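With the sequence shown counted from 1, adding 90 to any position gets you the numbering used here. Positions of the beta carbon are idealized from the N, C-alpha and C atoms, including for glycine. These numbers were taken from a predicted model, which means no experiment stands behind them. Read through the structure below, which is laid out as structure tokens, and then see the notes.
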Amino acid sequence: MIDKSKKTVLFIGRFQPFHQGHLSALKAILQSEEKVIIGIGSAENHDEPANPFTAGERFLMIREALLAEGFDRARFEIIPVRNINDFDKWTAHVERYMSPFYKVYTGSKIVRELYEKDGRYEVAGVEFLDGVTGTSVRAKIASGEESWREDVHPEVARVIDEIDGVKRIQKYSN
91 MIDKSKKTVL FIGRFQPFHQ GHLSALKAIL QSEEKVIIGI GSAENHDEPA
141 NPFTAGERFL MIREALLAEG FDRARFEIIP VRNINDFDKW TAHVERYMSP
191 FYKVYTGSKI VRELYEKDGR YEVAGVEFLD GVTGTSVRAK IASGEESWRE
241 DVHPEVARVI DEIDGVKRIQ KYSN
């Protein structure tokens with residue numbers, strides 16, 4: 091059984107891009123937990139419509155937003171995780187990349203099912219903000235709507251601007 095004295099939890103997602111819903115969930119997690127490992131899922135996927143950003147770019151978005159919000163760097167780790175297409179081995183695969191954790195927070199139905207089936211971790215849902223998803227943010231960017239900036243932290247918008255992420259996303263809609 092997993093050692094709960096470690097007080098570390100896992101929150102895993104694609105973060106394409108990291109948006110206010112993710113940030114809101116992390117704020118709630120960090121109110122009750124000592125440390126969170128943020129797993130950047132599908133780390134190898136980038137430069138495609140549903141996954142426009144590299145793992146390194148997503149890392150920067152997350153780190154810059156959390157630091158700007160005043161979170162102590164010692165309270166979070168950000169770790170990219172390559173995907174495997176084998177649900178039976180997926181939780182063990184993710185675990186190999188991580189420091190020990192005792193609980194998984196997720197808004198993903200499939201991640202919840204996989205960890206519940208695994209049975210070694212507590213699994214908790216997260217509440218995302220209504221109407222804010224990676225898909226909706228990318229759609230706003232693709233259509234030229236500047237309101238996408240309201241759906242991400244200002245530091246995330248800065249990173250997206252610096253990496254020319256708007257043009258990257260818009261090239262998929264042409």
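Short check: CB of residue i to CB of residue j, under 8 Å?
i    : j    : result
Q195 : A214 : First, the amino acid is wrong: residue 195 is Tyr here, not Gln. Taking 8 Å as the Cβ cut-off, Y195 and A214 qualify as a contacting pair.
Q110 : V242 : yes
V246 : F108 : yes
F149 : P170 : yes
S231 : V249 : It is Ile, not Ser, that sits at residue 231 in the sequence shown. No.
V216 : A140 : no
E167 : S189 : yes
F218 : G197 : yes
V222 : I102 : no
I253 : E147 : yes
How many whole angstroms separate the CB atoms of residue i and residue j, which I take to be in contact at a CB cut-off of 8 Å?
i    : j    : result
I119 : I152 : About 13 Å; that fails the 8 Å criterion.
T98  : K117 : Not a contact, Cβ separation roughly 17 Å.
L113 : A155 : 6 Å
N175 : G131 : With a Cβ gap of about 13 Å, N175 and G131 do not count as contacting.
Assign residue i to one of two classes, buried (16 or more other C-beta atoms within 10 Å of its C-beta) or exposed (fewer than that).
i    : result
A133 : buried
A145 : buried
G160 : exposed
R228 : buried
I259 : buried
R104 : buried
L100 : buried
E123 : buried
Which residues does DSSP list as the beta-bridge partners of residue i?
i    : result
P62  : Absent from the model: residue 62. The displayed extent of the chain is 91 to 264, so no value can be given.
G215 : T196
K125 : T98
E138 : N141
G103 : I130
Whether or not the region 199-212 and the region 174-184 are in contact is what I'm after, with contact meaning three or more pairs of Cβ atoms, one per stretch, closer than 8 Å; do they touch? yes
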